[in-house]
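Structure first, then comments.
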Amino acid sequence: LQLRTKWRSSQDALRVNTLVVIKEDNLPPLKWSLGRIVAVYPGKDGFSRVADIKTSTGVVRRAFNRICPLPVSSD
């Protein structure tokens, strides 16, 4: 068996004002929407798994596994 590292270390949680790409299964990656997180919703266990994202067309609610944070430099 291979060791799975996915749940072995904690990762940075997505925060408000994080720039993200919204992954859509029915669209190619170059057509995915760009947005900014405006609110996050914690679950019963205290971990956030859902976020409201402001896009150019409005606000959508998506699960964290459907959004990809974009790296932003602080320069």
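Counting in the working numbering, the sequence shown runs from 1062 upward without gaps.
Backbone N, C-alpha and C define an ideal beta-carbon position, used for all residues, glycine too.
Proximity to residue i [Cα-Cα], best of the options
i	options	result
Asn1078	Val1099, Trp1093, Glu1085	Val1099
Cys1129	Lys1105, Thr1118, Ile1114	Ile1114
Leu1095	Val1121, Thr1116, Tyr1102, Pro1089	Thr1116
Short CB-CB distance (under 9 Å) between residue i and chain D
i	result
Cys1129	The question asks about chain D, but that chain is absent: this structure has only one protein chain.
Rounded straight-line distance, which links the Cα of residue j to that of residue i
i	j	result
Ala1074	Arg1127	14 Å
Leu1080	Gly1119	15 Å
Trp1093	Asp1106	30 Å
Arg1097	Asn1087	21 Å
Burial state of residue i, where buried means 16 or more other Cβ atoms lie within 10 Å
i	result
Gly1104	exposed
Ala1124	exposed
Per DSSP, the bridge partner or partners of residue i
i	result
Lys1115	Arg1097, Val1120
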